[in-house]
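For what it's worth, our numbering labels the leading residue of the sequence shown as 1, then goes sequentially.
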Amino acid sequence: MLVDAHWHDVARLAAALAPPGEAQDVSQQAWTQAYAAYPRLRAADNLRSWLLTITHRAAMDAHRARARRPSPVGTLSEPAAATPLDHTDHTDHAAHTAHGAHPHLATGPDPALSAGSALSAGSALSAHADPALWAAVAALPIRQRTALALRYICDLDHATVADHLDTTPAASRRLVSDALAALRVRLADPSALAAEDDS
Numbered sequence: 001m002l003v004d005a006h007w008h009d010v011a012r013l014a015a016a017l018a019p020p021g022e023a024q025d026v027s028q029q030a031w032t033q034a035y036a037a038y039p040r041l042r043a044a045d046n047l048r049s050w051l052l053t054i055t056h057r058a059a060m061d062a063h064r065a066r067a068r069r070p071s072p073v074g075t076l077s078e079p080a081a082a083t084p085l086d087h088t089d090h091t092d093h094a095a096h097t098a099h100g101a102h103p104h105l106a107t108g109p110d111p112a113l114s115a116g117s118a119l120s121a122g123s124a125l126s127a128h129a130d131p132a133l134w135a136a137v138a139a140l141p142i143r144q145r146t147a148l149a150l151r152y153i154c155d156l157d158h159a160t161v162a163d164h165l166d167t168t169p170a171a172s173r174r175l176v177s178d179a180l181a182a183l184r185v186r187l188a189d190p191s192a193l194a195a196e197d198d199s
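Written out as structure tokens, the structure reads:
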């Protein structure tokens, strides 16, 4: 029941915050930690926020672990940034779970949603998005990406985002504003992302 109620939130936050190619590992780690800690949970009034905190910490742990790992010489480039899970309500729960897949796994980004729709608001982040948008999000500094993901993917208010980031609501607003401004620039001029990588 806990998994079904919060699967999307954990998986989408992991997809937005985890290092490339590690979203599923981060999501699984978050659920494992939550399962282990659940018996010790004193107040179950805000399970969603508790799970998002665990997921956020698991993603940051994955970044720290990746930074400590030596990178082999001559490796291929990183896989493309993960796209978030969709909001599709799969009605045939038994058929999906019978084959070992969770019923809420995404089938991919929705081509009907263009990157341009994210230029005016972050609402596109909470729905399907094209790969260009998610590549631009993945290129953001981790703190901006985290604030943006918590605000628009998890639909948290700035006070709650600030609590997750150990900052003030005003600083949360600024992080989200800076992230959206950077996305507007990157999506309006794709060469801006390549130029940033060169510096």
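Yeah, the Cβ is synthetic: ideal placement off N, Cα and C, and Gly gets one too.
Predicted, not measured: the structure shown is a model, and the values here were computed from it.
Using CA coordinates, which residue listed in the options is at the minimum distance from residue i?
i      : options                          : result
Val176 : Ala188, Asp189 and Asp155        : Asp155
Ala201 : Ala59, Asp163 and Ala149         : Lying before the first or after the last residue shown, residue 201 is absent from the chain, which here runs from 1 to 199.
Pro141 : Leu180, Thr160 and Ala132        : Leu180
Val26  : Ser49, Asp4, Arg42 and Ile54     : Ile54
Gly21  : Tyr38, Arg184, Ala188 and Ala135 : Ala135
Val3   : Leu52, Asp166 and Ala18          : Leu52
Leu133 : Ala67, Asp189 and Asp61          : Asp189
Ala138 : Ala15, Trp50 and Arg64           : Ala15
Trp50  : Val10, Arg184 and His63          : Val10
Arg61  : Ala37, Tyr38, Ala34 and Leu17    : Looking at the sequence provided, one finds Asp at residue 61 rather than Arg. Ranking Ala37, Tyr38, Ala34 and Leu17 by Cα distance to Asp61 puts Leu17 first.
Arg64  : Tyr38, Pro19, Arg48 and Ala37    : Pro19
Gln28  : Arg42, Asn46, His8 and Leu47     : His8
Under a Cβ-count criterion, where at least 16 other Cβ atoms within 10 Å of its own Cβ denotes burial, should residue i be classed as buried or exposed?
i      : result
Tyr152 : buried
Asp252 : One cannot answer for residue 252 here, as it falls past the ends of the chain, which runs 1 to 199.
Arg69  : exposed
Arg40  : exposed
Thr146 : buried
Asp157 : exposed
Arg186 : buried
Ala159 : exposed
Ala34  : buried
Ala30  : buried
Val162 : In the sequence as displayed, the identity of residue 162 is Ala instead of Val. Under this definition Ala162 is a buried residue.
Thr168 : exposed
Tell me whether the beta-carbon of residue i lies closer than 8 Å to the beta-carbon of residue j.
i      : j      : result
His164 : His56  : yes
Ala149 : Leu13  : yes
Asp166 : Gln144 : no
Note down, one range per segment and in chain order, each alpha helix (DSSP H) of at least 4 residues found wholly within the region 157-197. Counting whole runs of 4 or more residues, the region 157-197 contains the alpha helix (DSSP H) stretches 158-165 and 169-188.
Please specify which runs of the beta strand (DSSP E), each continuous and at least 3 residues long, are wholly inside the region 15-72, giving them in chain order. As summarised for the region 15-72, there are no continuous beta strand (DSSP E) elements at least 3 residues long confined to that stretch.
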